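S.K.: Please see the structure below; I have some questions.
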Amino acid sequence: MGLIRFFLALSVVFSHNGIHVPGIDGLLAVYAFFVISGFYMALVLNEKYQDNVAGFYGARFLRLWPSYIVVLLVVLLLIAPMSSAIYTSTLAAVYTWTVNLTMFFYNTLGWFGIDSATGKLVFLATPEGGASALLNAAHMPHIWSIGEEISFYLLAPFIARKPKTILAVLAMALLIHVAIMSDLYPLHPLQRYSGFNTFWLFLFGMTAYHGWKKYNASLERMRLDALWCSIFGVGISIACIIAAQKLWDHQILLCIPFALFAACVIPLFHATRRSRVDKFVGELSYPIYLTHWPVVAYLIVDHQGSWYWSFVIAGISIACSIALYFCVDFHVEKIRRRLARTPVGLAGAGVDSSHGEAPRPTAR
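Residue numbers (full-length UniProt numbering): 1 to 364.
Structure, rendered in structure tokens:
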């Protein structure tokens, strides 16, 4: 599903440069990423880290952190230092630096801000007031989605192997999502930057994995073509985002396009799981997600809404992502492989679980 992930990452890039058309939406692209991520987390926990939860956490950290810290340091040292506003509160400064350096619970930086009148750290409980979210302090606000993904990792090992438990937790997660979207003001921190509001997407993906596990023998007999399925998958992604755009104000119905997307992930993964080209294209999605923000937010800032400049930004982001992949991710991957014990059944099926390291977004 590398081409799908690549498309979703570019959708985030275009959205952040002010392109808003049916089928391109940064937030909804990140939602689709969450579904894919849930699928792959169930895959690796069932077939690669069955009895090695510590190895799973270590591998996830090595997948996310090295590339991130390189981009963060480039931004802070060469583009814009940490916002001086955080230093009005010692607690805010320690909290912001800790989260930024570790990535842990990055989304919670959207929960708190510095009160302009008192200089104290406050929870952004109301839409009024003069507090600015700490999320903006390090100039990498799009990493909120990684914070939500990390929150899901804490839960994943305890439910990934139990389909009935996944369904039960999914039902609860959907109820929580509807309650949050119905009862809190728009863009409330728990609505915009909370795993409580997005866990249902990951759980859709986990459910899809168990569907693939049940029907993979039947899919094998269908001889699906990787290229055509990838192209079809991009079309499915666009259709899902268009439907979600139309249903955004109807949160109960919003789950339908993502449930259908999760169902489509089953044959799409099966068709593309052995493709080396598809894997490489997918591996670029996370570096693209990391590197595009400094470009669109600080380097090319006067061309919002321009298709031409959006393609330029996308091209620069792709070039930077390739450099980041070969300079950092490629070497870190060797360490990650040592953390896992790849069983014969997984290797024999032609499944490389690193194939599905989801992006991130997101734009989150």
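Even for Gly, the Cβ is constructed at its ideal location relative to N, Cα and C.
Since this is a predicted model, take the numbers as computed values, not measurements.
1. Please confirm if the segment 240–259 is in contact with the segment 290–302, defined as three or more CB-CB distances below 8 Å between the two stretches.
2. Which partner residues of residue 114 appear in the DSSP bridge assignment?
3. Please go through the same chain and pick out, in chain order, the residues whose beta-carbon is closer than 7 Å to the beta-carbon of residue 313, but skip the five residues on each side of it.
4. With respect to the alpha helix (DSSP H) encompassing residue 108, which residues constitute its N-terminal and C-terminal limits?
5. To the nearest angstrom, report how far apart residue 152 and residue 165 are at their CA atoms.
6. Nearest to residue 189 by alpha carbon, out of 274, 126, 86 and 204?
7. Could you check the C-alpha separation between residue 28 and residue 286 for me, to the nearest Å?
8. Quick check: what's the CA-CA separation for residue 192 versus residue 233?
9. Can you tell me which of the three DSSP states residue 370 falls into?
10. Is it right to say residue 220 is buried, meaning 16 or more other beta carbons lie within 10 angstroms of its own, or is it exposed?
11. Rank 21, 19 and 36 by C-alpha distance to the C-alpha of residue 198 and give the top, closest one.
12. Where do the ends of the alpha helix (DSSP H) carrying residue 7 lie?
13. If we call anything under 8 Å between Cβ atoms a contact, is residue 196 one with residue 262?
14. Just the C-alpha distance for residue 97 and residue 133, rounded to the nearest angstrom, thanks.
15. Tell me, to the nearest whole angstrom, how far the beta carbon of residue 284 is from that of residue 318; I am working on the premise that it is less than 8 Å.
16. For chain D, check one thing: does any of its Cβ atoms lie closer than 8 Å to the Cβ of residue 164?
17. Helix or strand or just coil, what does DSSP make of residue 24?
18. Could you tell me if residue 186 is buried or exposed, where buried requires 16 or more neighbouring beta carbons within 10 angstroms of its beta carbon?
19. By how many angstroms is the C-alpha of residue 112 removed from the C-alpha of residue 124?
20. Is the segment 160–179 in contact with the segment 100–108, if contact means three or more CB pairs nearer than 8 Å?
21. Helix, strand or coil, according to DSSP, for residue 162 in the structure here?
22. What does the Cβ neighbour count give for residue 77, buried or exposed, with the cut at 16 atoms within 10 Å?
23. Tell me the residue span of the alpha helix (DSSP H) that contains residue 294.
24. Return the residue from the list 235, 321 and 222 that minimises the CA-CA distance to residue 267.
25. Secondary structure at residue 186, three-state DSSP: helix, strand or coil?
26. Out of 73, 54, 26 and 85, which one is the CA nearest neighbour of residue 5?
27. Flag this pair as yes or no: are the beta carbons of residue 270 and residue 227 separated by less than 8 Å?
28. Mind checking whether residue 328 and residue 67 have CB atoms under 8 Å apart?
29. To the nearest angstrom, how far is it from the Cα of residue 211 to the Cα of residue 229?
30. With DSSP run on the structure shown, which of helix, strand or coil describes residue 81?
31. Note down, in chain order, each residue of its chain lying with its Cβ closer than 6 Å to the Cβ of residue 177, except the 5 sequence neighbours on either side.
32. Classify residue 81 as buried or exposed, calling it buried when 16 or more other Cβ atoms lie within 10 Å of its own Cβ.
33. Which whole-angstrom value is the C-beta distance of residue 170 and residue 207, which I expect to be below 8 Å?
M.R.: The structure says:
1. no
2. 121 and 132
3. 13, 17, 292, 295, 296 and 300
4. Segment: none, residue 108 is in no alpha helix (DSSP H) and carries neither H nor E.
5. 15 Å
6. 126
7. 16 Å
8. 27 Å
9. For residue 370 there is no data in the structure shown, the boundaries of the chain being 1 and 364.
10. exposed
11. 36
12. 2–16
13. no
14. 14 Å
15. 7 Å
16. The structure shown has no chain D; it contains just one protein chain.
17. strand
18. exposed
19. 5 Å
20. no
21. coil
22. exposed
23. 285–294
24. 222
25. coil
26. 26
27. no
28. yes
29. 18 Å
30. coil
31. 197 and 200
32. exposed
33. 7 Å
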